[in-house]
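*Asks:* Everything in the sequence shown is counted per this note's numbering, starting at 13 for the first residue and increasing by one.
All C-beta atoms in this analysis are idealised placements derived from N, C-alpha and C, irrespective of residue type, glycine included.
Nothing here was measured: the structure is a model prediction, and the numbers come from that model.
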Amino acid sequence: MASPLGRRLQFLPVAPSSARRSTLEVTTVVLRRLPTLTAVVAAALAAVLAGPPSGFGDGQAAAGIISARPATRLAPPAVRVAGQADDRSALLRALQVGSDGPVRIRRDAAGRIRTVGTAPGEPLRPAGERAEPAAAARAFVGRYGPLFGVTDPARGLVQAGVESTDAGDVVRFTQRRNGLPVVAGELTVSVDDEGSVLSAAGETSTADAGGSLTVPSEQARETALQATAHGHRLRLDQLTAGEATAWAYDPSLIGAPGLPGSRPVWRVEVSSADSAVRELVLVDGSSGRVAFHINQVAAALDRVVCDARNQRGLPKTCTKGYVRAEGQGPSGLREADLAYDNVGRTANFFDRVLGVDLTRRIGSDTGDGRKLRSTVRWCDAGGECPMRNAFWNGEAMVFGDGFAGADDVVAHELTHGVTQSTGGLLYYYQSGAINESMSDVFGELVDLTDGFDLPGTQRRWRIGEDTPFGAIRDMRDPTRYEQPPRMRSLRYTGDRNFADNGGVHVNSGVGNKAAYLIADGGGYRGTTVRGLGLTKTAKIYW
């Protein structure tokens with residue numbers, strides 16, 4: 013089986029395939045900000061989010077490189093829902109009684125509750141006395157957390173952050189089991205300005221917990237270093253391992269291979285200063301083997317740009333020797349000036365339309381203050397040069413020669429940074445495809461509203477038309493580049509060989525088609541959608 017290690021975010025076209033099959037359990041996706049979830053959005057989502065074709069066979073996922081045996085995809089373990097069925101029914105009845113409208117519940121393929129909400133303007137629980145968003149959300153999960161499988165919400169859910177939107181606030185909670193944070197165990201609650209809960213969505217682990225954390229943390233760090241070096245064909249001295257932190261890991265939450273159940277792991281991030289590596293490694297706390305690993309590199313305004321001059325092995329994060337910095341005039345280096353200007357156009361869009369300060373949110377500080385950093389004309393130490401790619405490395409944008417001039421590509425990469433700082437979508441299978449689609453959506457929204465395109469390149473809803481080899485995705489018609497427009501499409505892939513982190517660049521076509529329909533409207537498979545326009549679409553997706 014092909015190893016997931018060594019796979020960078022691919023901004024390159026995906027080769028056509030005539031025999032794609034899905035190995036994924038389908039989870040219903042729903043927008044959580046209900047004040048903006050109009051019939052238009054519902055119709056667009058319904059058109060593209062149907063289940064997968066029947067009869068698809070199960071495939072095999074890539075094994076961890078230090079596994080005892082090849083890892084095969086197993087069926088999710090039987091789920092023990094907290095409390096008895098009558099207790100859950102009583103909670104649902106109480107939720108209905110306290111809501112302004114009918115409660116809408118969405119479950120996953122195993123029957124577990126994943127989202128609850130009502131119609132726009134009809135809160136789940138109208139506010140009594142005005143409450144702060146975080147307090148209202150905590151009160152909600154404190155009572156209704158068992159619906160999502162958390163038996164003791166006071167201990168099992170810890171507030172992780174609050175995001176403000178035009179419709180109110182979104183409060184995120186991280187699940188904890190046996191005192192450990194759970195990988196991908198999250199619950200999100202949307203609250204309006206009056207303190208009324210609008211919706212809740214999430215996924216938590218209810219699997220049997222086993223194992224113990226007997227492997228020393230330093231041994232786990234060493235294992236993570238060796239695994240990453242082996243997978244990326246790098247020397248140990250080219251890599252740095254962060255602190256090993258204790259987490260609980262349930263493979264079923266992310267659809268990963270592995271034995272059913274929850275167990276303690278050491279979570280380590282391994283990175284390289286001169287190559288595009290930001291590897292998330294989970295080391296089993298009992299056996300010391302790698303349980304899971306994935307490369308997380310996804311492919312007041314203060315901008316800086318560095319030039320790698322198409323030389324291999326130079327640092328990818330721009331830290332000194334700036335070709336152009338904020339407030340300076342054009343440098344004369346075309347790639348640097350295009351990167352500077354397109355970062356500015358993206359930052360202006362997020363500020364003007366969404367009220368988001370990109371420098372504050374995703375800028376990095378390498379000793380001279382928080383800045384939006386870009387490196388142009390960069391080449392991987394062991395890859396082709398010039399590099400035909402672009403990526404976000406966790407703290408900065410990195411562009412191969414000719415890519416900084418594509419405003420949608422620049423906005424795409426910056427949006428990966430925004431996703432990293434907000435939802436934290438794992439770059440893996442469905443969550444990775446949503447991650448990619450979000451970047452395509454905001455990349456194209458910037459492209460369609462900033463008034464900039466290289467001569468003769470403007471193609472509405474095409475991604476990457478300003479790059480040296482032209483467009484690589486079509487959001488209006490994903491099939492043009494062998495992407496699925498809906499989940500029942502035969503193009504929807506399970507990525508058997510794990511060549512694309514589980515099909516993140518292929519399956520993103522589903523979300524892209526939905527975004528096009530929401531913005532421009534149109535007919536699709538018997539459903540007619542009235543377009544809401546670009547600005548409303550941006551606010552809905554935010």
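Taking 7 Å as the threshold (C-beta atoms), are Pro145 and Val203 in contact?
*Replies:* Yes. Within cutoff.
*Asks:* Could you spell out where the beta strand (DSSP E) holding Glu215 opens and where it closes?
*Replies:* Per DSSP, Glu215 belongs to the beta strand (DSSP E) from 209-215.
*Asks:* Residues in the same chain with beta-carbon distance under 6 Å from Tyr553, minus the five sequence neighbours each way, listed in chain order, please.
*Replies:* Cβ within range, chain order: Val453.
*Asks:* Within 10 angstroms of its Cβ, does Val368 collect 16 or more other Cβ (buried), or is it exposed?
*Replies:* Label assigned to Val368: buried.
*Asks:* Quick test of your reading: Thr226 and Ala213, contact by CB under 8 Å. State the CB separation rounded to the nearest angstrom.
*Replies:* The pair is not a contact, with the Cβ atoms about 36 Å apart (cut-off 8 Å).
*Asks:* Quick one: what does DSSP say Ser299 is sitting in, helix, strand or coil?
*Replies:* Residue state, collapsed to three classes: coil.
*Asks:* I need the straight-line Cα distance from Ala418 to Val289, nearest angstrom please.
*Replies:* Cα to Cα, Ala418 sits roughly 24 Å from Val289.
*Asks:* Given a threshold of 16 other Cβ atoms within 10 Å of its Cβ, counted over all protein chains shown, does Ala147 qualify as buried or as exposed?
*Replies:* The residue in question, Ala147, is exposed, as its Cβ has fewer than 16 Cβ neighbours within 10 Å.
*Asks:* How big is the Cα-Cα spacing for Val302 and Asn401?
*Replies:* Distance between the alpha carbons of Val302 and Asn401: 29 Å.
*Asks:* So what does DSSP say about Leu438, is it helix, strand or coil?
*Replies:* Reduced to three states, the DSSP call for Leu438 is coil.
*Asks:* Jot down the residue ranges of each uninterrupted beta strand (DSSP E) in the region 247-291, minimum 3 residues, whole runs only, in chain order.
*Replies:* Those beta strand (DSSP E) runs which fall completely within the region 247-291 and span 3+ residues are 251-253, 257-261, 275-284.
*Asks:* Count the other C-beta atoms from every protein chain shown that fall within 10 angstroms of the C-beta of Gly333, then say buried if there are 16 or more, exposed otherwise.
*Replies:* Exposed, since its Cβ has fewer than 16 Cβ neighbours within 10 Å.
*Asks:* Sorted by chain position, which residues of the same chain lie with C-beta nearer than 7 Å to Val335's C-beta, five sequence neighbours on each side aside?
*Replies:* Contacts found: Val317, Cys318, Asp319, Ser343, Leu345, Ala348.
*Asks:* On the three-state DSSP scale, how would you describe Tyr536?
*Replies:* In the structure shown, Tyr536 sits in a strand (DSSP, three-state: E or B).
*Asks:* Is the beta carbon of Trp259 sitting closer than 7 Å to the one on Arg275?
*Replies:* No, the Cβ-Cβ distance between Trp259 and Arg275 is not below 7 Å.
*Asks:* Just the Cα atoms here: how many angstroms apart are His424 and Ser451?
*Replies:* Cα to Cα, the separation comes out at about 4 Å.
*Asks:* Quick check on Ala196: does DSSP put it in helix, strand or coil?
*Replies:* Note: Ala196 maps to strand in three-state DSSP.
*Asks:* Within its chain, find whatever has a CB closer than 6 Å to the CB of Asp262; leave out the 5 residues flanking it on each side and keep chain order.
*Replies:* Hits under 6 Å: Ser217, Ala219, Ser274.
*Asks:* Quick one: what does DSSP say Gly356 is sitting in, helix, strand or coil?
*Replies:* In this structure, Gly356 counts as helix in the three-state DSSP scheme.
*Asks:* Please return the same chain residues whose Cβ sits closer than 8 Å to the Cβ of Thr252, not counting the five positions on each side in sequence.
*Replies:* Cβ within range, chain order: Val282, Ser283, Ser284, Ala285.
*Asks:* What residue range is occupied by the uninterrupted beta strand (DSSP E) comprising Leu169?
*Replies:* Its beta strand (DSSP E) spans residues 169-177.
*Asks:* For Pro88, collect the residues of the same chain with a Cβ closer than 8 Å to its Cβ; drop the 5 residues on either side in sequence, then sort them by chain order.
*Replies:* With a pLDDT of 33 at Pro88, under the threshold of 50, the predicted position of this residue should be treated as unreliable, and no value is reported.
*Asks:* If you follow the beta strand (DSSP E) that Val316 is part of, which residue opens it and which one closes it?
*Replies:* Counting along the chain, the beta strand (DSSP E) containing Val316 begins and ends at 315-319.
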